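*Asks:* Here it is, the structure in full.
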Amino acid sequence: MSVREAGRVWRRLDVTLRDLPLGVLFLVASFLPGLRGHGTQVGDLPTRPFDALAVVALALECLSPVVRRRWPVVCLALAACGFALDQLCGYHSAAGTALPVALISAGSHLERLRRTTAAVLSVAYVPLAVALARLGSGGETATEFVTFYLTLALAWRAGAWLRSTRAAEAARRERVAADTRTAERTRIAAELHDVVTHHVTAMVVQAEAARYLTAAPERLERSLTAVSDTGRLALTDLRHLLDLLKPAHDTDHGTDHGLGPTEATQARTPAAGRVLTLVEQTRRAGQPVDFTEWGPQPASTGGADLVAYRVVQEALTNALKYAHGSRTSVQVQRGETEITVEVSTDGTGSRAATATAAAGGGRGLAGLRERVDVLGGDFSAGSDPDGGFTVRARIPADGTS
């Protein structure tokens, strides 16, 4: 068995079993010749040999560490009673060290009645100190008893510090988990916005145009075919998004949900790199789009290609929604270190429409700006002097999504 496997087996054991070696250690140390009778000593009582009563004191002291995490109050009570018997009888065993250990454990693991427990122990220490002073030879002073009490109080405070540190770490992990969940929900919302908004907008525009083509059956059929193709592309992108969110999602059966083999193949292919398909879909929706793409296609661009695709997608969606029919230009330049995207719509649309597009609905252009910023790129979107609207993005090609 390897060390890592042994560690996993050890962590699966009950806490009492994991704390048992500490009690055994105290018991063994109490009988070592060099430590026997040389343990903790409060007062001036002479050391006496172990007898039957010493077995009771050792049992109480050595049993207390075993239950220190499961029952902190029981641990403290056992250690205190065993320590009092140990000192009053003058055994001065090494197991007396179990009392500060019990105080640290109680301060660390006790959840309820913490102040009451500390007060009861403080009150109980007074008669113990008085009894030890009367039984002793008179060589001890009040300062010694007070010093030992402060030592015990310091052990309690050390346990309280461990408890507060553990609580702070748990709170920090919870905040990190909450921030992670929030970021994941935001990412999913952004992906759904990008996928759904564009395709639904294109389908709405195509359906609206089909209403006026009833007198031209051939054009009506082409328009309805475009609506159907757009719907299939929406399903394709949604299935791909589900694959990303759930890696175990089955993608081997491409005919599910009405998808044919071609769409199934696309569903297993990231959306990045399908800019031309996006442009053609927008053209079928009635938007004149000029598309230019140049530069070598690198072997791997990390998340940059996907972000570039999303920039084009969001810009074309806004053009369809707010400047339908206005000529739009899409330019994608790929370099070895970055991808540059520029999508501009001429000024035939109204300035109010372009102003609305600039707002981005909180999830559109604003979300793209965040994506580009995460990859260390530059993003800008705004109106042109002639009333048009331009979206520009520079995305480092070695970024990761």
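Remember, my numbering sits 72 above the position in the sequence shown when you count from 1.
For each residue, glycine too, the CB sits at the ideal point set by N, CA and C.
Keep in mind the model is a prediction, meaning the values are calculated, not measured.
1. Does the stretch 108 to 122 come into contact with the stretch 84 to 96, if we say contact requires no fewer than three beta-carbon pairs (one atom in each stretch) closer than 8 Å?
2. Where does the unbroken beta strand (DSSP E) through Ser102 begin, and where does it stop?
3. Taking the C-alpha atoms as reference points, what is the distance between Thr308 and Ser74?
4. Is it the case that the Cβ atoms of Ser295 and Ala274 are separated by a distance below 8 Å?
5. Hey, how far is the Cα of Glu386 from the Cα of Trp82?
6. Who does Val415 pair with in a DSSP beta bridge?
7. Quick check: the Cα distance between Ala395 and Arg356, rounded to an integer number of angstroms?
8. In whole angstroms, what is the alpha-carbon distance linking Gly345 and Val87?
9. Got a sec, what are the start and stop residues for the alpha helix (DSSP H) Ser177 sits in?
10. Is Thr112 closer than 8 Å to Gly168 when the C-beta atoms are compared?
11. When the Cα atoms are used, what is the spatial distance from Ala380 to Thr252?
12. Kindly indicate which three-state DSSP category Trp143 falls into: helix, strand or coil?
13. Check whether the stretch 189 to 199 touches the stretch 126 to 140, counting contact only when three or more Cβ pairs, one atom from each stretch, lie closer than 8 Å.
14. Using 8 Å for Cβ pairs, my map puts Asp445 next to Val402. What's the rounded Cβ distance?
15. Per DSSP, Pro468 forms a beta bridge with which residues?
16. Report yes if the C-beta distance between Val182 and Val145 is below 8 Å; otherwise report no.
17. What residue does the beta strand (DSSP E) around Thr364 start on, and which one ends it?
18. Pull up the DSSP beta-bridge partners for Phe451, would you.
19. CA-CA distance, Cys147 and Leu378?
20. When you compare only the Cα positions, how much space is there between Trp228 and Leu234?
21. Look at the alpha carbon of Arg441 and the alpha carbon of Val277, and state the distance between them as a whole number of angstroms.
22. Please work out which residues of its chain come closer than 6 Å, Cβ to Cβ, to Ala232, disregarding the five sequence neighbours upstream and downstream, and give them in chain order.
*Replies:* Answer, in terms of the structure:
1. Verdict: no, contact absent.
2. If you number the sequence shown from 1, residue 102 lands on position 30. Looking at the DSSP string, Ser102 is not in any beta strand (DSSP E); the run it does join, the alpha helix (DSSP H), is 87 to 103.
3. For the purposes of this step, residue 308 is taken as the residue at position 236 of the sequence shown. For the purposes of this step, residue 74 is taken as the residue at position 2 of the sequence shown. Distance between the alpha carbons of Thr308 and Ser74 is about 47 Å.
4. To locate residue 295, count along the sequence shown from 1; it is residue 223. To locate residue 274, count along the sequence shown from 1; it is residue 202. Contact flag unset, no.
5. As a first step, residue 386 is located in the sequence shown; it is residue number 314 there, counting from the start. As a first step, residue 82 is located in the sequence shown; it is residue number 10 there, counting from the start. Glu386 and Trp82: Cα-Cα distance of roughly 54 Å.
6. Here residue 415 refers to the residue found at position 343 when the sequence shown is read from its first residue. Its beta-bridge partners are Val402, Val463.
7. Within the sequence shown, numbered from 1, the residue matching residue 395 stands at position 323. Within the sequence shown, numbered from 1, the residue matching residue 356 stands at position 284. The straight-line gap from Cα to Cα measures roughly 15 Å.
8. Walking along the sequence shown from the start, residue 345 turns up at place 273. Walking along the sequence shown from the start, residue 87 turns up at place 15. Reliability fails at Gly345, whose pLDDT of 49 lies under 50, so the model's placement of it is uncertain and the value that follows must be treated cautiously. Computed Cα separation, rounded: 55 Å.
9. In the sequence shown, residue 177 corresponds to position 105, counting from 1. Residue range 170 to 181 is occupied by the alpha helix (DSSP H) that includes Ser177.
10. Within the sequence shown, residue 168 is the residue found at index 96, counting from 1. Within the sequence shown, residue 112 is the residue found at index 40, counting from 1. Closer than 8 Å, so yes.
11. Along the sequence shown, one-based indexing puts residue 380 at 308. Along the sequence shown, one-based indexing puts residue 252 at 180. Using only the alpha carbons, I get a separation of about 24 Å.
12. Position 71 of the sequence shown, counting from 1, holds the residue named residue 143. In this structure, Trp143 counts as coil in the three-state DSSP scheme.
13. no
14. Position 373 of the sequence shown, counting from 1, holds the residue named residue 445. Position 330 of the sequence shown, counting from 1, holds the residue named residue 402. The pair is not a contact, with the Cβ atoms about 22 Å apart (cut-off 8 Å).
15. In the sequence shown, counting from the first residue as 1, residue 468 sits at position 396. The partner list for Pro468 (beta bridge, DSSP) reads Glu410.
16. In the sequence shown, the residue the question calls residue 182 occupies position 110. In the sequence shown, the residue the question calls residue 145 occupies position 73. According to the sequence shown, residue 182 is Leu rather than Val. Yes; because the gap between Cβ atoms is below 8 Å, this pair is in contact.
17. In the sequence shown, the residue the question calls residue 364 occupies position 292. In this chain, the beta strand (DSSP E) harbouring Thr364 covers 361 to 366.
18. Here the question's residue 451 lines up with position 379 in the sequence shown. DSSP, once it has assigned bridges, lists Ala465 as partnering Phe451.
19. Within the sequence shown, residue 147 is the residue found at index 75, counting from 1. Within the sequence shown, residue 378 is the residue found at index 306, counting from 1. Each residue's Cα considered, the two are about 59 Å apart.
20. Walking along the sequence shown from the start, residue 228 turns up at place 156. Walking along the sequence shown from the start, residue 234 turns up at place 162. Cα to Cα, Trp228 sits roughly 10 Å from Leu234.
21. On the sequence shown, position 369 is the one that residue 441 refers to. On the sequence shown, position 205 is the one that residue 277 refers to. Cα to Cα, Arg441 sits roughly 26 Å from Val277.
22. In the sequence shown, counting from the first residue as 1, residue 232 sits at position 160. Here the set comprises Gly179.
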